[in-house]
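S.K.:
Residue numbers (UniProt numbering): 1 to 1126.
1. Would you be able to state if there are at least three C-beta pairs under 8 Å between the segment 77-86 and the segment 39-57?
2. With 16 other CB atoms within 10 Å as the buried threshold, where does residue 754 fall?
3. So, under 8 Å CB-CB, residue 992 and residue 1082 are touching, yes? Tell me the CB distance rounded to an integer number of Å.
4. For residue 411, which three-state DSSP category applies?
5. Which class does residue 857 belong to by DSSP, given the choice of helix, strand or coil?
6. Using 8 Å for Cβ pairs, my map puts residue 108 next to residue 30. What's the rounded Cβ distance?
7. Do you know how far the Cα of residue 528 is from the Cα of residue 682?
8. Using DSSP bridges, identify the partner residues of residue 234.
9. Can the beta-carbon of residue 373 be found closer than 8 Å to that of residue 443?
10. In this structure, how does DSSP classify residue 767 when only helix, strand and coil are distinguished?
11. Opposite residue 605 in the DSSP bridges: which residues?
12. Just the Cα atoms here: how many angstroms apart are residue 672 and residue 731?
13. Would you call the segment 302-321 and the segment 383-397 touching, i.e. three or more CB-CB distances under 8 Å?
14. Below 8 Å between beta carbons: does that hold for residue 686 and residue 747?
15. Along the chain, where does the alpha helix (DSSP H) that runs through residue 172 open and close?
16. Looking at C-alpha atoms only, which residue of 341, 396 and 376 is the closest neighbour of residue 1201?
17. I'd like the span of the alpha helix (DSSP H) that includes residue 314, first residue to last.
18. Write down every uninterrupted run of the alpha helix (DSSP H) in the segment 59-111 whose length is 4 residues or greater and which is fully enclosed by it, in chain order.
19. Work out the CA separation of residue 312 and residue 35 for me, nearest whole Å.
20. What did DSSP end up calling residue 182 once you bin it into helix, strand or coil?
21. Between the C-alpha atoms of residue 203 and residue 279, what's the straight-line distance to the nearest angstrom?
22. Mark residue 997 as exposed unless 16 or more other C-beta atoms lie within 10 angstroms of its C-beta, in which case mark it buried.
23. How many whole angstroms separate the CB atoms of residue 411 and residue 510, which I take to be in contact at a CB cut-off of 8 Å?
24. Are the beta-carbon atoms belonging to residue 603 and residue 577 less than 8 Å from one another?
25. Please report the residue range of the beta strand (DSSP E) in which residue 747 lies.
26. Note down, in chain order, each residue of its chain lying with its Cβ closer than 6 Å to the Cβ of residue 631, except the 5 sequence neighbours on either side.
27. How many Å lie between residue 960 and residue 918 at the Cα?
28. Fully enclosed by the segment 344-422, which alpha helix (DSSP H) runs are 4 residues long or longer?
29. How is residue 599 classed by DSSP in three states: helix, strand or coil?
30. Answer with buried or exposed for residue 141, where buried requires no fewer than 16 other C-beta atoms within 10 angstroms of its C-beta.
31. Work out the CA separation of residue 768 and residue 786 for me, nearest whole Å.
32. Return the CA-CA distance between residue 432 and residue 584, expressed in angstroms with no decimal places.
33. Spell out the partners DSSP gives residue 1006 in its beta bridges.
34. Within its chain, find whatever has a CB closer than 6 Å to the CB of residue 405; leave out the 5 residues flanking it on each side and keep chain order.
35. As a quick exercise: from 420, 273, 212 and 252, pick the residue whose alpha carbon is nearest that of residue 285.
36. By DSSP's criteria, residue 23 is part of a beta bridge. Which residues make up the other side?
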C-alpha cells in the first residue's frame, strides 16, 4: 500500500515531529489470529517490491528519506477467544504469532523500516494521545451513544435483523451473508461521526485517483456513499483484550480504531480520521485479490492453507517470492498450484535467464572472462536480422517496465521482461556462437546478450534481490552501477574489457518436482461411479439434407444439445467426449484420418461450453461426407487406449452413440471393418446406440407392427416378424448387422428428441439418518431412515456484482446506526449497502425502513410474541426421537389422514444381525395383525414433535421395513359437515350404475398401453413415468439461457410432455358409448361463467361461500371444531 507524500507527521510518544519523506509505504497490519500463509506473504511482497522499486528509482538503496512500515494487529474479541481456545493468554499468543510474521519477513528478504505491534507501549501511547489530546474528544468528535444489534465475533461487525436467521437444524442464530454465528448485543459505545467526513472522502476518491487497480474504485466509492457513524469502543466486560478508553475503564477501544493508528490502508474510515486530525490523506491505496489453492479458497477446515515456510523448502525463498509476484494478478484471484510454481520458476529463472547466463559466459566462448566489445560493422553485417529487433526490445523495456511497476502490475512487468529474455535466447541459439570462427561477430553477439542480462538483472532487483545480486555479480557489475540510470543499451559500453565476476555455480538450481515418495500422504480423492460415452456426430456434407422442417444437421445438433443438457442439469458424474467425423479439419492423436475432429481428447463431465460449441461451431462440411465405419474404428481405439489405465471399478458402462443419416456412405463398404467393429464392441462390452439414420424399411416395419399390435392381440393373431427380408442400402444393411450383433438400439430423430427433452432426475446418494425405535423402557431397535418421496424443487444459487464495475462481490455490507439518530434510508441506499464488502467490519447494522410488530392475532389485537416467548412457551428442544405410542388397525387410518410431508423408509442396519431379526419379527407380526405403529417422531433438536405412522412392508427384494408417513393433529382438520344424500331422488338407477361401470372399466389406465416387448398391457400413468412439467420447463429455459443469455425466454409449451397429462384418446374412444348414455340420461346443470352476475345465478348452482372461500353444498353448514368426527 503506497502513500507518496512530501511530509508526514510521525508520532513519537506524545510528541509530533515533522519528517521529510520521498515516499511512505505500508502493508496492512496483519491480524494475529493465526500464522501467516501465502496470502499474507504476497501482500508483504507487493509492499517490499514497491519500496525497493522506489529506492531503485531514487538511486539510493539505503535512503533515509523513505519509510516502509508493517506490523501486527493484536487486539479484539476474536484474538481473545482464539488464544483461550488454544490454551494461551492473549499476550503470549500474540507474541508467538507476531514472531512468525517477523520470521517470514526475515526469510523472504522483506525489510520494513519499522515493525509495529499494537500491543506495544509506544502504540498504546499514540492511541491515547489521538483519543484525548489530538482534538477528537475536545472537538466533540467522540460521543457516548447506545448500540444494539446482532454482533458477529468472527466478522467483527453488527448485522441487521433481516440479515440473520435461525436455521431449522441449528440452535444458534447465524448471518445470512457469511454464515457466522451472531449474538444479540445491547451496549453503550463511543461514537465517531463518520458521516460528517464522507463527502470529503468521496471527493478525494473521485478527484485524486487514489485506488489501484482502478477496477476497485467503484467499490471504494460505494463504501463512502452510505451514511453512518462508527462505533469506537466495546463494553469491556465483553472485550477485555484491548486498549482501555482513556478516563473510562468500562470501555475497550474498538480494534478498528486501535489498529487504524498504524493501519494506513483503509479507503474510508482511515481518511475520515485523518481529516478529523487535520492530517494529509494518502496518495495511493493499492488493493489486490485473493490467492486460491488448486482453484479453491484456502480454508483451515479443508486443510489446503499453504504455509510459506514449508513450501519455500521445495521452491526456495527467491523462487516462491518470484512465483507469487509473477503469477499474482491484483484485479483477479490468483491460483497457487505446486506443479505450476515449479514450472514457472524453472522456465523463467532457471532456463530463460540462468541458462543464457551460463551458456554465454563459458570460457570456450569468452576465454578472457571479460565483458566483451561491441563491433557495429560485424553486428550490421552478420547479426542484424535478429539482433536489431532484440536491441529495440531491450531499449524499450525499461520505460514499459517502469510504467507497469509504478502501478504495481508487477506480473505484467515481469512478462515483458521474460519476453525479451526469450528473444535473447532465440538470438543466441539462432547464430550458434560455439560454431563461429569470426571473433568480432562472437564478441558482438555476447555483448548483446550480456547487455540484455545486465539490464534485466537491474530491473529484477525489487522482485528477486538475491537472485539479481548473483546475476549482476557474475557480470562484474558494481553495487553503485545498479540503479535505473544504468539501464540503457549503449554500444560503446564502459563495461567492455572489465573482468567478469567469479563463477560460483548456477545462480539458481533447478527446482525438482516432488516424486511419489516425497509427496506427503493425503486422503485419496473418491471418484464417483460413472459412465463413459463417446458421441460420434456426423458433420459431413450429407447432413445438409433437409427434411420437412429442418436439416439433418440441425436435428443432430438438437439431439446432442439435449443429451448434454440433461447431464448438466442433473449434475451427472458421467464423462463424455465429442467426436466429429466428416469434418473438413482434424484434431486428434488417435488416427491419421483427416476428417476426424475431437472436441476434447480427455473424457470430461458435460459442461456449458460444449453447448455453446455445438450451437456456434458445428456446421456441415461443404464437400466431405461422413464415414461412420471409420468413426467407429477410431472411437473403439480411443476407448481401448485412453481408458485402459482408468480404474475400471468406477466405470459402470462404456457407451458409443452414433448420430448420422447414413446418406454419405460409400456403396463399397469394407466387410472386414464391420467385423472389427463388432468384435471390438463385444470385447470392450460397449453399449451401442444410433440416432437419426433413415433405415426406411426397418422403421416402416416397426411402425406397421406398432399399429397392428392392438388388433392382433384382440383378434388372437400372431405378430409379423420385425426383421423380414427387405432390400436395404449397403450402409443400412451393415449398420443393421452391427446393431443385431451387439444388441444395439436405433432411434429416428423424431423418436429420440421427445424422449431427450425430458431430463432425468439427479441421482441422490443414499444417506441414512440414525434412529432408534423405542418400544419400551430399555428396549430400542436401531433403524436407518431414508427419504423415499419428497417434493422436488431447484436450489437457486446467487452471485452479487457491483452495478458500475461488474465486479463480483464476495459478501454484503452491513452498517451500524446510532438509535438516537435513526433515519429512514431510501431503496437506493439499501441497495448500495448490499453491494459493499469492507466497511461492514467496522460499522454496525443498517436501519430497517419501518418497524414491524410480529405476533399473533388475539381478537382484534396483534399481541407481540418474540423469540424469547417462543423459547419459554413453545416446545422444549429435545433430541431425535422415534418412540412407540401404540398400535392401531390399518383400517383406522383414513386416506385423508396421510399428510403430504413426504414418505420415509425405515430399515435395520445391515450389519446388525440382532436388529434385523427383531425388526423382521415386528414387521411380520404387524402384517399378520394388519396393524400400524403410531410413534412420537422428532427429526432433530430444532423440530417440533409429530405423530408418525409406521406401516409394515416387505420390499420386492425381501427386505422387512417400515414406511413412515406423518399423521395430522386435531387442529389440522377442516371443520366441515355435509348434508345427507339419502332419498329416492338421489339414488342411481340400474341403468345409471351399468353406464358408470362401463365407463370406469373402459377408462382403466392399466390397459391403456401395450408393451410389444413383453406382450402385456401396462399402466400408462405411473408416477415413475410422469415427469414434473415445471422442472422440465425450467430445464428447457436454463438451456436456452446458457446458449442465448441476452434473448427472451421461449414461450412455455403446454404440450411439453405431449398428451401425458391429458385424457387418453384410446380410452376415451372406448368409453364413448357409456359417455353418450350418461350425457343423454343424466342432465347436468352447467356452471356459470365467472363474468355472469351473481344475482342471476340460482341458489343450487352457486352455494353460499364462507369467509375463506370454502364452498358449502346445499344444506351444508360450518360446524364447531369440537363437533368434528375425526
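All C-beta atoms in this analysis are idealised placements derived from N, C-alpha and C, irrespective of residue type, glycine included.
Because the structure is a prediction, the values reported are computed rather than measured.
M.R.: Considering the structure as presented:
1. no
2. Along the chain shown, one-based indexing puts residue 754 at 754. Residue 754 is exposed by the Cβ-count criterion.
3. Stepping through the chain shown from its first residue, residue 992 is reached at position 992. Stepping through the chain shown from its first residue, residue 1082 is reached at position 1082. Their Cβ separation, rounded to whole angstroms, is 7 Å, which keeps residue 992 and residue 1082 in contact under 8 Å.
4. Here the question's residue 411 lines up with position 411 in the chain shown. It is helical.
5. In the chain shown, the residue the question calls residue 857 occupies position 857. If DSSP states are grouped into helix, strand and coil, residue 857 belongs with the strands.
6. As a first step, residue 108 is located in the chain shown; it is residue number 108 there, counting from the start. As a first step, residue 30 is located in the chain shown; it is residue number 30 there, counting from the start. Not confirmed; about 14 Å, so no contact.
7. To locate residue 682, count along the chain shown from 1; it is residue 682. To locate residue 528, count along the chain shown from 1; it is residue 528. Roughly 25 Å between the two C-alpha positions.
8. Residue mapping note: residue 234 aligns to position 234 of the chain shown, counting from 1. According to DSSP, which records beta bridges pairwise, residue 234 is partnered with 252.
9. Start at 1 with the first residue of the chain shown, and residue 373 comes out as number 373. Start at 1 with the first residue of the chain shown, and residue 443 comes out as number 443. Yes, the Cβ-Cβ distance between residue 373 and residue 443 is below 8 Å.
10. Stepping through the chain shown from its first residue, residue 767 is reached at position 767. Residue state, collapsed to three classes: coil.
11. Locating residue 605 in the chain shown gives position 605, where the first residue counts as 1. For residue 605, which the question treats as bridged, DSSP gives the partners 575.
12. In the chain shown, the residue the question calls residue 672 occupies position 672. In the chain shown, the residue the question calls residue 731 occupies position 731. When rounded, the distance between both Cα atoms is 14 Å.
13. no
14. Start at 1 with the first residue of the chain shown, and residue 686 comes out as number 686. Start at 1 with the first residue of the chain shown, and residue 747 comes out as number 747. Result no, Cβ atoms of residue 686 and residue 747 do not sit closer than 8 Å.
15. As a working note, residue 172 is residue 172 in the chain shown. Run containing residue 172: none; DSSP gives neither H nor E here.
16. Since the first residue shown for the chain is 1 and the last is 1126, residue 1201 is missing from the structure and cannot be characterised.
17. As a first step, residue 314 must be located in the chain shown, where it is residue number 314. Looking at the DSSP string, the run of the alpha helix (DSSP H) that includes residue 314 is 308-315.
18. 77-86 and 90-107
19. Position 35 of the chain shown, counting from 1, holds the residue named residue 35. Position 312 of the chain shown, counting from 1, holds the residue named residue 312. The straight-line gap from Cα to Cα measures roughly 15 Å.
20. Position 182 of the chain shown, counted from the first residue, corresponds to residue 182. Strand.
21. Here the question's residue 203 lines up with position 203 in the chain shown. Here the question's residue 279 lines up with position 279 in the chain shown. Residue 203 and residue 279: Cα-Cα distance of roughly 16 Å.
22. Here residue 997 is taken as the residue at index 997 of the chain shown, counted from 1. Flag for residue 997 reads exposed.
23. On the chain shown, residue 411 is found 411 positions in, with the first residue counted as 1. On the chain shown, residue 510 is found 510 positions in, with the first residue counted as 1. With a Cβ gap of about 23 Å, residue 411 and residue 510 do not count as contacting.
24. Here residue 603 refers to the residue found at position 603 of the chain shown. Here residue 577 refers to the residue found at position 577 of the chain shown. Yes, Cβ-Cβ distance for residue 603 and residue 577 is below 8 Å.
25. Here residue 747 refers to the residue found at position 747 of the chain shown. Segment 745-747, the beta strand (DSSP E) holding residue 747.
26. Position 631 of the chain shown, counted from the start, is the residue given in the question as residue 631. Around residue 631: 536 and 581.
27. On the chain shown, residue 960 is found 960 positions in, with the first residue counted as 1. On the chain shown, residue 918 is found 918 positions in, with the first residue counted as 1. Cα-Cα distance, rounded: 10 Å.
28. 356-360, 376-382 and 384-406
29. Position 599 of the chain shown, counted from the first residue, corresponds to residue 599. In this structure, residue 599 counts as coil in the three-state DSSP scheme.
30. Numbered from 1 along the chain shown, position 141 holds the residue referred to as residue 141. Buried, because 16 or more other Cβ atoms sit within 10 Å of the Cβ of residue 141.
31. Position 786 of the chain shown, counted from the start, is the residue given in the question as residue 786. Position 768 of the chain shown, counted from the start, is the residue given in the question as residue 768. One C-alpha to the other measures close to 5 Å.
32. For this step, residue 432 is matched to residue 432 along the chain shown. For this step, residue 584 is matched to residue 584 along the chain shown. Taking the straight line joining both Cα atoms gives about 41 Å.
33. Counting from 1 along the chain shown, the entry for residue 1006 is found at position 1006. Paired residues: none, contrary to the question.
34. Working through the chain shown from its first residue, we reach residue 405 at position 405. Excluding positions up to five away in sequence, the list reads 53 and 413.
35. To locate residue 285, count along the chain shown from 1; it is residue 285. Residue 212 is the option with its Cα nearest to residue 285.
36. For the purposes of this step, residue 23 is taken as the residue at position 23 of the chain shown. BP columns for residue 23 point to 66.
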